[in-house]
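Here is the structure we will look at, set down as structure tokens.
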Amino acid sequence: MEALVLEQKGVLSLREIDLPLELGPDDVKIRINTVGVCGSDVHYYTHGAIGPFVLREPMVLGHEAAGTVVEVGANVQTLAVGDRVCMEPGIPNLSSRASKLGIYNVDPSVRFWATPPIHGVLTPFVVHPAAFTYKLPDNVSFAEGAMVEPFAIGMQAAARARISPGDVAVVIGCGPIGIMVALAALAGGCSRVYVSDFSADKLAIAGRYQGIIPVNIGERALKDVVLAETDGWGADVVFEASGSPKAYNGLFDLVRPGGALVMVGLPVDPVTFDVSGAIAKEVRIETVFRYANIFDRALQLIASGKVDLKPLITDTFNFNDSIKAFERAASARPTDVKLQILMEGEGN
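Here's what the structure looks like:
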């Protein structure tokens with residue numbers, strides 16, 4: 004099949020590649036409709052690696068996807084041909100100790116689309132376990148279905164935060180994941196969420212949502228804003244979603260005593276971590292790696308209308324122009340949030 008292949012760092016091609024399409028009894032075959040361009044996809048394109056995951060051979064990109072079931076395995080009863088679906092891109096070993104503990108996202112043997120050496124789904128068809136394939140409600144488009152994956156990360160962060168109704172939250176970083184975290188925090192019960200960044204354009208996009216308060220840290224220190232808005236007490240929850248080592252400077256000045264820090268962003272470089280600052284306030288520290296047992300809940304929130312992700316879809320490219328989509332994503336336009344790729348011959 005034709006696919007968008009990352010040949011090596013900085014080199015993309017649209018070409019034929021032999022991909023497995025054998026249908027097991029518990030699998031479904033899906034015709035891909037829409038695929039989102041994720042920051043991790045772009046990072047592999049521009050850097051060739053993310054931490055220990057190193058590109059050593061050509062790999063098909065793409066893991067935020069939605070499509071239509073075209074074939075079902077003999078044991079599948081929950082899905083049928085013609086169903087519109089989105090897919091959770093990580094396939095764990097359901098017999099592993101991590102899976103039995105309910106934390107399959109940290110299963111060392113998980114096979115995650117577009118993470119070396121596992122191929123992604125920027126190709127016309129894919130075979131996937133029915134257990135990790137979710138039927139889209141009629142009012143959820145393919146484009147929104149492809150947004151469930153990044154929103155699930157926000158949902159995981161909100162769940163790890165253990166939000167209480169009325170909590171005040173801070174999100175550091177106004178990229179796609181930062182915005183997803185802010186929206187999930189609001190859906191989880193936060194009364195308001197302060198989102199910080201240097202990009203006025205991205206902050207303006209986030210600020211369109213009721214309950215999100217943008218903070219341009221090029222104009223005013225985040226600490227000053229948070230303390231002024233909380234009468235010097237601090238935020239109940241702080242989400243670090245930028246991945247910038249600089250974000251950790253004075254981080255615990257933002258959190259109230261007994262509050263929580265949720266680390267979502269992945270720093271490329273080592274960070275300076277104020278252990279004394281954390282201990283002095285007994286800050287609870289949580290970490291987020293992808294998601295577990297949350298994909299269907301993210302989808303239902305979107306379907307309910309309580310979370311509207313459509314304004315975050317900046318532009319859509321045809322599959323034939325998918326290299327241009329990645330070049331655009333790598334250019335990091337400040338007005339871009341989510342770019343998507345539409346496979347030929349499909350519609351939303």
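In the numbering used here, the protein residues as written are 4 to 351. Where is the CB? At the ideal position from N, CA and C, for every residue including glycine.
Quick one: grab the DSSP three-state call for residue i.
i	result
arginine 100	helix
glycine 350	Here the model assigns glycine 350 a pLDDT of 46, short of 50, so the residue's position is not dependable, and the following value carries that caveat. If DSSP states are grouped into helix, strand and coil, glycine 350 belongs with coil.
arginine 259	strand
valine 184	helix
asparagine 321	strand
lysine 341	strand
phenylalanine 56	strand
arginine 287	strand
aspartate 21	coil
arginine 331	helix
leucine 26	coil
proline 168	coil
Using only CA atoms, which one of the options lies nearest to residue i?
i	options	result
serine 98	Met90, Pro92 and Ser112	Ser112
threonine 338	Phe276, Asn142, Phe320 and Ile316	Ile316
glycine 246	Arg259, Ser199 and Leu312	Ser199
alanine 328	Tyr48, Arg34 and Pro23	Tyr48
aspartate 272	Ile33, Ser43 and Ile53	Ile53
lysine 284	Gly268, Gly13, Ala306 and Asp256	Asp256
isoleucine 215	Lys226, Ile326, Phe242 and Leu206	Leu206
alanine 84	Glu25, Val258 and Lys32	In the sequence under discussion, the amino acid at residue 84 is valine, which differs from the alanine named in the question. That would be Lys32, whose Cα lies nearest to the Cα of valine 84.
Between which two residues does the alpha helix (DSSP H) harbouring residue i extend?
i	result
lysine 205	203-209
threonine 278	The question names threonine, but residue 278 in the sequence shown is valine. Start and end: 278-283.
arginine 163	151-164
serine 43	42-50
phenylalanine 298	298-307
In the DSSP assignment, find the beta strand (DSSP E) that holds residue i and state where it starts and stops.
i	result
aspartate 30	30-39
methionine 90	87-90
arginine 195	195-200
glutamine 11	5-11
valine 72	67-75
valine 171	171-175
Going along the chain, which residues of its own chain have a beta-carbon closer than 8 Å to the beta-carbon of residue i, five neighbours each way excluded?
i	result
valine 8	Leu15, Ser16, Leu17, Arg18, Ile20, Pro61, Met62, Val63 and Leu64
glycine 105	Ala295 and Asn296
glycine 262	Gly237, Ala238, Asp239, Val240, Val241, Lys284, Val286 and Arg287
Within a Cβ cutoff of 7 Å, which residues of the same chain sit near residue i, ignoring the five residues on either side of it in sequence?
i	result
phenylalanine 298	Glu91, Tyr137, Val151 and Ala155
tyrosine 251	Val274, Thr275 and Phe276
glycine 27	Gly76
Residues in the same chain with beta-carbon distance under 6 Å from residue i, minus the five sequence neighbours each way, listed in chain order, please.
i	result
aspartate 86	Val72 and Lys138
glycine 123	Val63, Leu64, Gly65, His66, Trp116 and Ala117
proline 168	Gly192
phenylalanine 145	Asn36, Thr37, Ala69 and Asn351
glycine 148	Ala69, Cys89 and Leu139
**Study point:** Ranges of the alpha helix (DSSP H) found wholly within the segment 116-146, counting only runs of at least 4
**Key:** none
Review point. Which ranges does the beta strand (DSSP E) cover as unbroken runs of at least 3 residues, wholly within the segment 214-252, from first to last along the chain?
Key: Counting only runs of 3 or more, we get 215-219 and 238-243.
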